[in-house]
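K.L.:
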Amino acid sequence: MKKLINSPDSVIADALRGMAAAHPSLAVDLENRVISRAGGATQGRVGLVSGGGSGHEPLHGGYVGYGMLSAAAPGEVYTSPVPDQILAATKAADGGAGVLHIVKNYTGDVLNFRMAAELADDEDVRVVSVVTNDDAAVEDSTYTAGRRGVGGTVFVEKIAGAAAEEGADLDTVAGIASHVNEVTRSFAIALHAGTVPAAGKPGFDLADDEVELGVGIHGEPGRERGKMAPIHDLVGYSLDVIHADRPVSGDVLVMVNGQGGSPLIELYGAFAEAVAWIEGHGGRVARSLVGNYITSLDQQGFSISVMSLDDDLLRLWDAPVETPALRWGR
Amino acid sequence: MKKLINSPDSVIADALRGMAAAHPSLAVDLENRVISRAGGATQGRVGLVSGGGSGHEPLHGGYVGYGMLSAAAPGEVYTSPVPDQILAATKAADGGAGVLHIVKNYTGDVLNFRMAAELADDEDVRVVSVVTNDDAAVEDSTYTAGRRGVGGTVFVEKIAGAAAEEGADLDTVAGIASHVNEVTRSFAIALHAGTVPAAGKPGFDLADDEVELGVGIHGEPGRERGKMAPIHDLVGYSLDVIHADRPVSGDVLVMVNGQGGSPLIELYGAFAEAVAWIEGHGGRVARSLVGNYITSLDQQGFSISVMSLDDDLLRLWDAPVETPALRWGR
Amino acid sequence: MAFDAQTATAWITAAEAAVKADEARLTSLDAAIGDGDHGANMARGLAAALTNIAERAPSTPGDVLVAAGRGIVAKTGGASGPLYGSAFRRAGKALGDTASASAEEVGAALEAALTAIKELGGANEGDKTMVDALTPAVAAFQAVAADGGPLAAAAAAAADGAEQGLAATVPMQARKGRASYLGPRSVGHEDPGAASTALILRALAEVVQ
Amino acid sequence: MAFDAQTATAWITAAEAAVKADEARLTSLDAAIGDGDHGANMARGLAAALTNIAERAPSTPGDVLVAAGRGIVAKTGGASGPLYGSAFRRAGKALGDTASASAEEVGAALEAALTAIKELGGANEGDKTMVDALTPAVAAFQAVAADGGPLAAAAAAAADGAEQGLAATVPMQARKGRASYLGPRSVGHEDPGAASTALILRALAEVVQ
Ligand SMILES: Nc1ncnc2c1ncn2[C@@H]1O[C@H](COP(=O)(O)OP(=O)(O)O)[C@@H](O)[C@H]1O
Ligand SMILES: Nc1ncnc2c1ncn2[C@@H]1O[C@H](COP(=O)(O)OP(=O)(O)O)[C@@H](O)[C@H]1O
Ligand SMILES: [Mg+2]
Ligand SMILES: [Mg+2]
Ligand SMILES: [Mg+2]
Ligand SMILES: [Mg+2]
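Protein chains in written order, with this note's numbering: chain A, 7 to 336; chain B, 7 to 336; chain C, 1230 to 1438; chain D, 1230 to 1438.
Quick look at the structure:
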């Protein structure tokens, strides 16, 4: 394993120092591991907190700022943050109008956020949680821990953040967040697994002609192994899965996301295939993101997220946002 | 080689289709391979054209837009564009006040841009060229083709673009571009070479404990091979080289750039080390970029670029920019 | 041998050492069907348990386990942090303020731990989780203790039970935790949480031996 | 054999085929000390030369070479595009409007090509570039032609000269092009541009044989 790190133990602390130095708009609490807005919580506005394991950068810390998150709690690599840390983020986000927890559906995240919400309740901060679970690769049944929260989380954070900035109350913001999650589906394919620094080797091994279909964001193996194919086919496979689960039609927001080790030139090529597929099925790509938005360390591969747009969602998506990783309108 | 592509031959065409679909602010001429502003050239303003081999995304097409480039000419992977193509970009950029060619110092780029400038002259478009050569890894002597243009090119495009947008004339914009190049130095280290799709295998092979010191942006071997070391040491080595060439002092703009296959969490860690080094040497990091800004396909590694700031450069750096890859202030 | 504060502390100390020694194995079990962090999580969590015990210097075995549980919750993260943390905390609470617990009392505490994990995580036997190691361990422990057997024998039986429970997870298809995302591909591997449970119970058996 | 439009076209056709057949070798030479695209560049450039010749259907050997050069410049990119493009264009211009060039005229055309490359790229002999293959080739060609030797013999000598020039690039340290960035590490490898020059001149020798 070769990585641009000092040691596996120092990765998060070093990255947080770097984020603090790079972004004056952020307040980075190195001890509690909380990233919040430098200006503090906006009084009278609902605060948004998200968090989860590290290794998915720019998620979540890179989405802290005007129009998106109020604070983020980054855990160890691929490990959910701990309750006290989430509590500290929640307090940093609290502007008196309550706090929304945006939690990706993993047992560890759900449990730690639940504990943090109880602690917040003890301190009279009202918390509502929304659990994202947009991964169409996983069956949502009693035989699984449910679907994973993946790329759709970026949409939830952006759109709920815009609603909060507009002054919507906590239940409304939570309702919008849930709605975004419901109308979004994602699917991912990996070519080469990422390496957790502490583990020192890739999460799984693939032959030169193999891909991992339906992977999550933690270097975990997917539901099945497939044969390498042209990007036209890989994108088609992904959108077929998404479409079978929730029909892709009308105006959609599409993210073609890189897993961290795949270059932008390839992601643009993948996006071209996605647009062709969607138009071929009668849909229209009204808005898009192409790039590394929710990564898995240095994993090679891509994910596609598709969200159905309506006028409200479009307005909230287009609303100004000013964070390290997503910025427009100001 | 596994890549998210249809075939090595279609990489550029597919990526351009994707860019066209992803960015309504861009006009992408798929036939001539020119990326320009959807609104056309701004009349009465100096136009900025850059270009070079593909594989460095978001450079250059991702920097086309308000406050930065007017048009870009992407060549084949790691191969400079051809004269007719550069001419087409030049015409797309021409708002009647002349066009600046920003050319990275490679024999191929210099020769093809020179031919394009002659063609433009035939069509009465005034062109001035600035050649960037900020790579401190290469000796600038008659025994080399001179220094390579690398990360500093991003600074040149941003700052010269701001000057053009302010209404500066061609010679002034060219002067500012040259000045930015002169006060910028860069250095890069790679952990794993990128793979050119047509070549099918990495540009060089490194053992598990080796790094390539002083690499360029084309997967070419560096000046020497070194031992893998903590990021603290790799950053220190890089800044020592830069500092020996042009002292790092006062307020500086720093870019810690990823080569395409290294994740953001590592780049933030590298940036933290860079800030510590610079502050330890009495400098101050007044502005920064951390992320993938000038890449080498899926190569793993980083580069550091350091530019001396003065009030003018700071103002031009902070001026609004609205491109796919760099955006602030509007 | 009695289960007092010193023994309880020795247990957590031995568990920490055992997990640390086997960290790489736990991690590679987790890499196969999860996300490859279980070794690091457990090492961090049990180290925090020890720190918390050292800071609070609890005088009863119950308080030792509560301190361990709080330390684990506060530092582990992941699924195992809240699950093991609650388990130790509830086991500690179950011991009350006795200075020295009997085998039967320790058995009841282990049962409380199991209940905590099942309530919080919602897993049942057969879901391929730590529950599959802890359930037979608790049953074996209580069977020996109910017959009036000594703590050492009960703990040894529990450790054996946990190891058998661990082995039994191999053919299971996971229905909880990350491994469930793999569907049928989760079959054929030991569950990492069951493996750490087996280590922790073996540590108990060795300490009270 | 005379060097007419048909022979000139056959030369470019054979050069394209040779480069295509050896594309991987040229690329790996370039990967060692450059950026690994020389094979693709030459294949693309010479294919464009052929397309341009086919489109313009030139009737003199000079116009064939000019068309080839224009095609190369228009499609190759990189350092080799302008260099080879100018070389063929200047060689074509040097032939004037003769319908059939003598060995001596072809020798002068090759010399014009060499001059074009040196002017544009600024390289001299010993800088480890295509100049190191073309210089001895031109000299050998002209020596045979000056003695009244036939085109076939001159071209064969040129091809041999280019191959010797190529071999001579191995111990050189590059002072031009990308390979110069490697400093001393550029020593010990053939220069890719010299290798493609050798292929192109061998193609000429075979066509006029
Ligand atoms: N719902 C659950 N109930 C009981 N145990 C669970 C549950 N979910 C996961 N586990 C246990 O946690 C272990 C994984 O822990 P760990 O790797 O530390 O956390 P994470 O899965 O968050 O990375 C699994 O092997 C399993 O034994
Ligand atoms: N200044 C120069 N003069 C002559 N030949 C040169 C010069 N620079 C480069 N070359 C030749 O070009 C070859 C490389 O061509 P190619 O790989 O196609 O372009 P690039 O270097 O732009 O990738 C080198 O091997 C060398 O022979
Ligand atoms: Mg985890
Ligand atoms: Mg090239
Ligand atoms: Mg895990
Ligand atoms: Mg080359």
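C-beta atoms are modelled at their ideal positions from N, C-alpha and C, and glycine is treated no differently.
Keep in mind the model is a prediction, meaning the values are calculated, not measured.
Do the region 1296 to 1313 of chain C and the region 1344 to 1361 of chain C make contact, defined as three or more Cβ pairs closer than 8 Å?
P.N.:
They touch, by the three-pair rule.
K.L.:
Of all the residues that make up the region 8 to 40 of chain B, which are near chain D by a beta-carbon distance shorter than 7 Å?
P.N.:
Under the 7 Å Cβ criterion, the region 8 to 40 of chain B contributes no residue.
K.L.:
Is the number of C-beta pairs between the region 282 to 302 of chain B and the region 1234 to 1249 of chain C that are closer than 8 Å three or more?
P.N.:
Taking 8 Å as the limit for Cβ pairs, the verdict is that the region 1234 to 1249 of chain C does not touch the region 282 to 302 of chain B.
K.L.:
Is any non-hydrogen atom of ligand 2 found closer than 8 Å to the C-beta of B/G289, if you look at the structure I gave you?
P.N.:
Every heavy atom of ligand 2 is 8 Å or more from the Cβ of B/G289, so no.
K.L.:
Mind pulling the chain C residues with CB within less than 9 Å of A/H238?
P.N.:
In chain order: nothing, as chain C lies at least about 27 Å away.
K.L.:
Drop a sphere of 10 angstroms on the beta-carbon of C/A1446, count the other beta-carbons inside from all chains shown, and report buried for 16 or more, exposed for fewer.
P.N.:
Here chain C has residues from 1230 to 1438 only, and residue 1446 of chain C is not among them.
K.L.:
Please report whether the beta-carbon of C/N1270 lies at a distance below 9 Å from any beta-carbon of chain G.
P.N.:
In summary, chain G is missing from the structure at hand, where the protein chains are A, B, C and D.
K.L.:
Candidates A/G232, A/D251, A/M74 and A/R333: which alpha carbon is nearest A/E171's?
P.N.:
It is A/M74 whose Cα lies nearest to the Cα of A/E171.
K.L.:
Say the cut is 8 Å; is the CB of C/A1304 nearer than that to a heavy atom of ligand 1?
P.N.:
What sits at residue 1304 of chain C in the sequence shown is Lys, not Ala. No.
K.L.:
Pick helix, strand or coil for D/P1400, following the three-state DSSP scheme.
P.N.:
If DSSP states are grouped into helix, strand and coil, D/P1400 belongs with coil.
K.L.:
Which stretch, first to last residue, makes up the alpha helix (DSSP H) that contains D/E1435?
P.N.:
Per DSSP, D/E1435 belongs to the alpha helix (DSSP H) from P1421 to V1437.
K.L.:
Say whether the region 119 to 135 of chain B touches the region 88 to 96 of chain B, bearing in mind that this needs 3 or more beta-carbon pairs closer than 8 Å, one atom from each stretch.
P.N.:
They touch, by the three-pair rule.
K.L.:
Classify A/V83: buried if its beta carbon has 16 or more other beta carbons within 10 angstroms, exposed otherwise.
P.N.:
The residue is buried, with at least 16 neighbouring Cβ atoms inside 10 Å.
K.L.:
Using alpha carbons as the reference points, say which of A/V262, A/P80 and A/V247 lies closest to A/V34.
P.N.:
Comparing Cα-Cα distances from A/V34 to each of A/V262, A/P80 and A/V247, the minimum goes to A/P80.
K.L.:
Looking at the C-beta of B/N139, does it have a partner C-beta in chain D at a distance below 9 Å?
P.N.:
So, not an interface residue.
K.L.:
DSSP on A/N38, reduced to helix/strand/coil?
P.N.:
Here A/N38 sits in coil by DSSP.
K.L.:
Put B/M6 into one of helix, strand or coil per three-state DSSP.
P.N.:
An answer regarding residue 6 of chain B cannot be provided, because it is not within the stretch 7 to 336 covered by chain B.
K.L.:
For A/S184, return the contacting residues in chain C, with the cut-off set at a CB-CB distance below 8 Å.
P.N.:
The premise fails here: A/S184 is roughly 21 Å from chain C at the closest Cβ pair, so nothing lies under 8 Å.
K.L.:
Exposed or buried, which one is D/A1278 when buried takes at least 16 other CB atoms within 10 Å?
P.N.:
That one is buried.
K.L.:
Please look up how many angstroms separate the CB atoms of C/A1391 and C/L1363, rounded, as I've assumed it's under 8 Å.
P.N.:
Right, their Cβ atoms sit about 7 Å apart.
K.L.:
Roughly how many angstroms lie between the CA atoms of C/I1429 and C/P1290, to the nearest whole one?
P.N.:
So the alpha carbons of these two residues sit roughly 16 Å apart.
K.L.:
Leaving out five residues on either side along the sequence, give the residues of the same chain with a beta carbon under 8 Å from the beta carbon of D/K1347.
P.N.:
Once the five neighbours on either side are set aside, the close Cβ partners of D/K1347 are N1353 and V1360.
K.L.:
Please determine whether the Cβ atom of C/K1249 lies at a distance below 8 Å from any heavy atom of ligand 1.
P.N.:
Not under cutoff, so the answer is no.
K.L.:
Go ahead and pull the three-state DSSP assignment for A/G68.
P.N.:
Correct three-state label for A/G68: helix.
K.L.:
Measuring CB atoms only, is the region 123 to 142 of chain B touching the region 20 to 37 of chain B, in the sense that at least three cross pairs come out at less than 8 Å?
P.N.:
Because the criterion of three Cβ pairs below 8 Å is not met, the region 123 to 142 of chain B and the region 20 to 37 of chain B do not touch.
K.L.:
Do the CB positions of B/L176 and B/V134 come within less than 9 Å of each other?
P.N.:
Yes, these two residues count as a Cβ contact at 9 Å.
K.L.:
Going along the chain, which residues of the region 271 to 287 of chain B sit with their C-beta nearer than 8 Å to a C-beta in chain D?
P.N.:
If the cut-off is 8 Å between Cβ atoms, the region 271 to 287 of chain B has nothing near chain D.
K.L.:
Start and end of the beta strand (DSSP E) containing B/R231?
P.N.:
Segment E230 to K233, the beta strand (DSSP E) holding B/R231.
K.L.:
Could you tell me how far apart the beta carbons of C/L1294 and C/S1425 are, in whole angstroms, since I believe they sit closer than 8 Å?
P.N.:
In fact, because the Cβ distance is near 16 Å, the residues do not count as touching under 8 Å.
K.L.:
Which class does B/A325 belong to by DSSP, given the choice of helix, strand or coil?
P.N.:
Looking at B/A325 - three-state DSSP - the assignment turns out to be coil, as it is neither helix nor strand.
K.L.:
For D/G1351, which of B/T148, B/D130 and B/D127 has the nearest alpha-carbon?
P.N.:
Answer by Cα proximity: B/T148.
K.L.:
Check this for me: beta carbons of A/N55 and A/A95, under 9 Å apart or not?
P.N.:
In the sequence as displayed, the identity of residue 55 of chain A is Val instead of Asn. Their beta carbons are under 9 Å apart, which means A/V55 touches A/A95 by this criterion.
K.L.:
List the residues of chain B whose Cβ lies closer than 7 Å to the Cβ of A/N263, in chain order.
P.N.:
The contacting residues do not exist; A/N263 stays about 12 Å from chain B at best.
K.L.:
Residues in the same chain with beta-carbon distance under 6 Å from A/L303, minus the five sequence neighbours each way, listed in chain order, please.
P.N.:
The answer, listed in chain order, is G61, G200 and G266.
K.L.:
Please report the Cβ distance between B/V136 and B/V162, rounded to the nearest whole angstrom; I am assuming they are in contact, meaning their Cβ atoms lie under 8 Å.
P.N.:
Confirmed, about 7 Å.
K.L.:
Within 9 Å (strictly less), CB to CB, does D/T1256 reach chain B?
P.N.:
For D/T1256, the answer is yes, since a Cβ of chain B falls inside 9 Å of its Cβ.
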